[in-house]
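Quick notes on the structure that follows.
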Amino acid sequence: MKILEYNGLDISRVKGAYYKVVEAIGRDDFRAAQVKKLASLTHGKFYRARLDDANRLLFSLLRHEGEVSALMLEVIENHDYRSSRFLRGADIDEEKIAEVEAAEAVREAEPVRYLHPERTDVHVLDKPISFDDAQEAVYREPAPLVLVGSAGSGKTALTLEKLKHAEGEVLYVTHSAYLARNARDLYYANGFEHPAQEAEFLSYREFVESIRMPQGREAGWRDFAQWFERQRQQFRDIDGHQAFEEIRGVITASAHGVLDRAGYQALGVRQSIFGADMRARVYDLFERYRAWLADSGLYDLNLVALEWSPLAAARYDFVVIDEVQDLTMAQLALVLKTLRKPGQFLLCGDSNQIVHPNFFNWSQVKSLFWQDAQLAEQQALRVLTANFRNGTEATRVANTLLKVKHRRFGSIDRESNFLVDAVGGDAGQVTLLQDQDNIKRELDQSIRRTTQCAVLVLRDEDKAEARKHFSTPLLFSIHEAKGLEYENIVLYRFVSDQRAAFGEIADGVGKQDLADDTLTYRRARDKHDKSLEVYKFFVNALYVALTRATRNLYLIESDLGHPLLALLELGQGGQARVEARQATLEDWQKEARKLELQGKQEQADAIRSSILKETPPPWPVFDQTKLEELLHKVFREQVPGNKPKQQLYEVAAAHDEPLLATMLAHDAGFVAARDFSGERGGLARKSFAAYFAGNFKDILRQCERHGVEHRLPMNQTPLMAAAAAGNVALVEALLERGADRENVDHYGRNALHWAMQEAFRSPRFACGPFGALYELLAPATIDVNNGTRLVRIDRHMSEYVLFQTMWALFKSRFTHAHRRPYAAFETRAILEAWEHLPANVLRPERKRRQHLSGVLARNEVERDYTYNRMLFRRFEQGWYQFNPALSVRRRVQGEEIWVPVYAALNLPLINELSWAAVWPRIDTYLALAGLPERAMPIAVQRAMARERL
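So in our numbering the end of the sequence shown lands on 2422, straight run, no missing numbers.
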């Protein structure tokens, strides 16, 4: 088989043995290379070969167009599988690894869409990536760089690989929060580290928040549409969509500031959607818009970007802006101000995918970033024309649409004159179907139960009609569809519902005009023709819709003879049935979670209500409400019987509440609670005993009935229980079904915190399953608001494990006796907790007292330090606690909110079961955080009343 090498592979210490083993693998002699198969992990299949007595070679197998290649990944020294980048902390027992024959391994090779026919170097993000010649040339070209590529061209993967070579503080920023998170996860997949780099991956809104936190919430199209509906009486002659685009893309979009009325009215004919006679009315609307923003507690990102400009300081050594076409010049100018050295940037995008309102063009971008017209003109753009995502037929139709656009309107700019080459290898199909009830019924029957097909409409208001005919929850408007991809896409009445607009787009274009398979730069024939500005949304929206399908497209239209459809040469009358696999409940659970992460809450909720139909569990859940109810019954009302006392005792064991056990024993007369320290461990497992077993089919069935986020009796989610049990295989299975790593219990603890608590108690747990659990469960980042700005704590930062450790141990500072009653952390306690943590969780050099003290000190609120994140406050010499001014980001019913840190940790509830010695400190923390005063604990009230008697 062909031998490929990961471009980060280091064989310097084992060269002789390496070439000998690789030669054996290349001739399919796995026996000579002593190849063994590692247990399949959720992130891939891996094999190891024996280099010598101490060292092993890790590799995987790839399949492309019938040929299998072996990709050499990593040298594992001294049998240390736990430190492997690619195995991510997996617990590998060398004695139990099974041998494998080459024929068996070849059958299981991972399929890839593209491998270069000659080059053997391969890049790795979340999966192996082989660059074509155009990508390789860009990869080797130095900054500054502007990269143009269509959907599916691999431009994001290419920019991430280039980013790996930058040093210092680097920024990746894009319009979409989901794309930013996904880029971050791709970047750090398989354990990538760059010790000389600190990278931030931010959506544009998060970038603005990192400078200063705006007040209120960002206003979007739906907010504007609801407000505009109330203005419609006075502005009947203005289209709401065009007004929104004009405000966002023209009036507020300039890097030089908001246009005043005179400046707006003086714009040239190609700089505005509206003619000179309408602009006074549009500006009147804009002034009302600004007033409405102030009254509604909303903000516009353009206006904030302009206002924040004086606050932006040079901070980043290198900047990547992805999907640059989605940002305005005002927004880009703010990013530019944070660049330390001119020219250290990479911009990439595709002006054919603009569905967000702006007047983007590449020449303006170049002029802004080079700040010199001559330099901007000289800067060449690099174009990626290969498409690795879409089928060849979908690509043909998308290319034809670009040719229609070019012929009708002229070139958008000199840089966007290219067509796309499909190299994915799958032809797929594009079928035009008549808008008839029987056809829609047949189509609905074949797509309603699959996650491999989505229905797209042009605008939000078109969804209602589509829902009458299609029962799939995967229904999106084009603004929602940006960034999505499905194997099959149904486009519902895109052209028919906007017949006039698409008629204008096709006007004057004949099939003979589309014969040429190249685009050459040419200006529009009529300088005063504003058609491109007016109709750009429609043609771009259709282009984006066409490129969402990785295989098949189905267009449902009532007017099959529309001129544009004729120009696209779509096949008519094909079958209305989509060949797609019926999804399991597990598939739908994963899809719902994916959509939530993408911000598509409407579709995620639709999946849960119409497909999953989750029911509440039949058992009582002892959450905060139930706990407080029990405390009232036992200590205040003194209800007879042992049942509520037993329930409280089980709560005390599950959440490690020694004071509650003491009060049950001495104040409530519950004798069983006297041996709390001896019984706690076993009793704590009682409510989730099944989660320790290797066979967990019943647990997964419960997740199908009650949802993957249902609550166990002690208010754990299944993921929390599996984490606390150290059941790595169950954790993997739950994550596969879309379990949420960041869901929390009533003390603000997520699944990672439950696992950390066990690791801090048990060296065996810390040295055993915790390494793999950490890789699976640790959220990529923690977002905090330090009182003035967003601070993102990435998993690769020293502050990350410290912050998570303090979070996991926070309650114990109040409920357990310590060396000092400060309800805070000293370095000794943290280092003791860290003693047995594996290297993939915490590198050995970070376990040293000097390093830990430095991290605490440089992030202390009173410290005068340029990069102070203000995470901690020192309350006594050497004793630290979370800064009371902090807030953490939480998602509640699809909306992101900021919650004060001591509210997120539920200090008021912790107060109920805390030692009296720390009450003064609780009073201090609550006051500093601006939370209500501490109440007298319920359990204490009765004891004090009895003492008075």
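Each residue gets a CB set at the ideal place from its N, CA and C atoms; glycine is no exception. Small disclaimer: the values here were computed from a predicted structure and weren't measured.
Asked                                                                                                                                                                           : Found
Could you tell me whether the Cβ atoms of D1894 and A1859 are closer together than 8 Å?                                                                                         : yes
So D1917 and F1943 are in contact, right, with Cβ under 8 Å, and what is the actual spacing, rounded?                                                                           : 5 Å
Are V2257 and L2325 close, meaning C-beta to C-beta below 8 Å?                                                                                                                  : no
Specify, as a first and last residue, the run of the beta strand (DSSP E) that S1676 falls within.                                                                              : 1670 to 1676
Label M2409 either buried or exposed according to how many other C-beta atoms from any shown protein chain fall within 10 Å of its C-beta, with 16 as the threshold for buried. : exposed
If you follow the beta strand (DSSP E) that T1904 is part of, which residue opens it and which one closes it?                                                                   : 1902 to 1907
Distance, Cα to Cα, Y2016 vs N1825?                                                                                                                                             : 7 Å
Using DSSP with H/G/I as helix, E/B as strand and the rest coil, what is D2032?                                                                                                 : coil
DSSP on V1508, reduced to helix/strand/coil?                                                                                                                                    : coil
Which same chain residues, not among the five before or five after E2272, have their C-beta less than 8 Å away from its C-beta?                                                 : I2266, V2328, N2332, R2342, L2344
Can you tell me which of the three DSSP states S1485 falls into?                                                                                                                : coil
Look up D2267 in the DSSP assignment and say whether it is helix, strand or coil.                                                                                               : strand
Take L2422 and list the residues in its own chain whose beta-carbon comes closer than 8 Å to its own, dropping the five residues that flank it on each side.                    : Because L2422 carries a pLDDT of 42, less than 50, the predicted location of this residue cannot be relied on, and the following value inherits that uncertainty. Closer than 8 Å at the Cβ level, and outside the excluded window around L2422, lies no residue.
For T2278 and L2263, what's the separation of their Cα atoms in angstroms?                                                                                                      : 21 Å
Find out if the Cβ-Cβ distance for the pair P2311, G1562 is shorter than 8 Å.                                                                                                   : yes
For the beta strand (DSSP E) containing D2256, name the first residue and the last one.                                                                                         : 2254 to 2258
Could you tell me the distance, in whole angstroms, from the CA atom of E1953 to the CA atom of L1929?                                                                          : 9 Å
Within the chosen definition, does the stretch 1709 to 1719 reach the stretch 1672 to 1679 through at least 3 CB pairs nearer than 8 Å?                                         : no
Judging by CA-CA distance, which residue of D2337, L1987, P2357, Y2338 is the nearest neighbour of R2346?                                                                       : P2357
Specify, as a first and last residue, the run of the alpha helix (DSSP H) that G1713 falls within.                                                                              : 1713 to 1719
Give me the DSSP bridge partner(s) of P1647.                                                                                                                                    : The amino acid occupying residue 1647 in the given sequence is Thr; Pro does not appear at that position. Note: T1647 sits in a beta bridge opposite S1676.
Which residues mark the beginning and the end of the beta strand (DSSP E) in which G1822 is found?                                                                              : 1818 to 1822
Grab the span of the beta strand (DSSP E) containing F2438 for me, first residue to last.                                                                                       : Any question about residue 2438 goes unanswered here, given that the chain covers just 1474 to 2422.
Provide the residue span of the alpha helix (DSSP H) that contains P2393, from first to last.                                                                                   : 2392 to 2402
Looking only at C-alpha atoms, which of E2102, G2260, E2209 sits nearest to L2250?                                                                                              : E2209
Put G1722 into one of helix, strand or coil per three-state DSSP.                                                                                                               : helix
What residues in its chain sit with their C-beta under 6 Å from that of E1958, if we drop five residues either side in the sequence?                                            : R2021, T2023
To the nearest angstrom, how far is the alpha carbon of I1951 from that of V2012?                                                                                               : 12 Å
Between which residues of its own chain and K1628 is the CB-CB distance below 7 Å, once the five residues before and five after are set aside?                                  : L1620, G1622, C1821, L1857
Taking buried to mean at least 16 other C-beta atoms within 10 Å of its own C-beta, is W2092 buried or exposed?                                                                 : exposed
Please state the DSSP three-state secondary structure of L2422.                                                                                                                 : Because the pLDDT at L2422 is just 42, under 50, the model does not fix this residue reliably, and the value given afterwards should be weighed accordingly. Note: L2422 maps to coil in three-state DSSP.
With 16 other CB atoms within 10 Å as the buried threshold, where does S2082 fall?                                                                                              : exposed
Does the separation of the CB atoms of F1842 and F1818 fall below 8 Å?                                                                                                          : yes
Would you identify the three-state DSSP class for Q2414, choosing helix, strand or coil?                                                                                        : helix
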